[in-house]
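If you want the working numbering, it's the position in the sequence shown, counting the first as 1, plus 5.
Every residue gets a Cβ at the ideal spot worked out from N, C-alpha and C, and that includes glycine.
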Amino acid sequence: MSNLLRLGLALSFVLAAFAACTNDLSATSGTCSAGSACGCDGAGSCDRSCPDGNCTITCGGPGSCNVSCPKGGCKVTNQGAGSANVSCAGGNCTLECNGSGSCNVTECGGGGCVCNRRSSGTCND
Numbered sequence: 006m007s008n009l010l011r012l013g014l015a016l017s018f019v020l021a022a023f024a025a026c027t028n029d030l031s032a033t034s035g036t037c038s039a040g041s042a043c044g045c046d047g048a049g050s051c052d053r054s055c056p057d058g059n060c061t062i063t064c065g066g067p068g069s070c071n072v073s074c075p076k077g078g079c080k081v082t083n084q085g086a087g088s089a090n091v092s093c094a095g096g097n098c099t100l101e102c103n104g105s106g107s108c109n110v111t112e113c114g115g116g117g118c119v120c121n122r123r124s125s126g127t128c129n130d
């Protein structure tokens, strides 16, 4: 067996194991209810919407996490290696950057948004 073939087989095995562990390599989307806790935990991108505001959303894994909170008051925690992007038109949102990915408050129409960096990630608000 050639070295190239061995390398290809090893890479295939690693990717299959990664897919089995993360359970989700595709993009996902969902809606969270006010006052509820929601999560995003996969290798693909994750879009979460909290149309009525006041949601708690946790982002994990290597994929990007995009949160829309038009009424404001959301708390988003990024624990993963991917980026977290929060659009908070209603204001008063908190983004905790606890993972190694970047954290961005892309909109804060009502003011009062905060991005706290607690790890090696970057925080932009």
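Nearest CA to the CA of V31: which residue from G66, A42, T61 and S41? Reading off the sequence shown, one finds Ser at residue 31, where the question assumed Val. Looking at the Cα atoms, G66 is the closest of the given residues.
I need the boundaries of the beta strand (DSSP E) containing G35, first residue and last residue. T33 to T36
Counting along the chain, where does the beta strand (DSSP E) carrying S54 start and finish? C51 to S54
Please classify S38 as buried or exposed, where buried requires at least 16 other C-beta atoms within 10 Å of its C-beta. exposed
Which same chain residues end up closer than 6 angstroms to C113 when comparing Cβ atoms and leaving out the 5 residues on each side of it in sequence? C93 and G96
Are the beta-carbon atoms of P56 and S41 separated by less than 9 angstroms? no
Please state the DSSP three-state secondary structure of S124. coil
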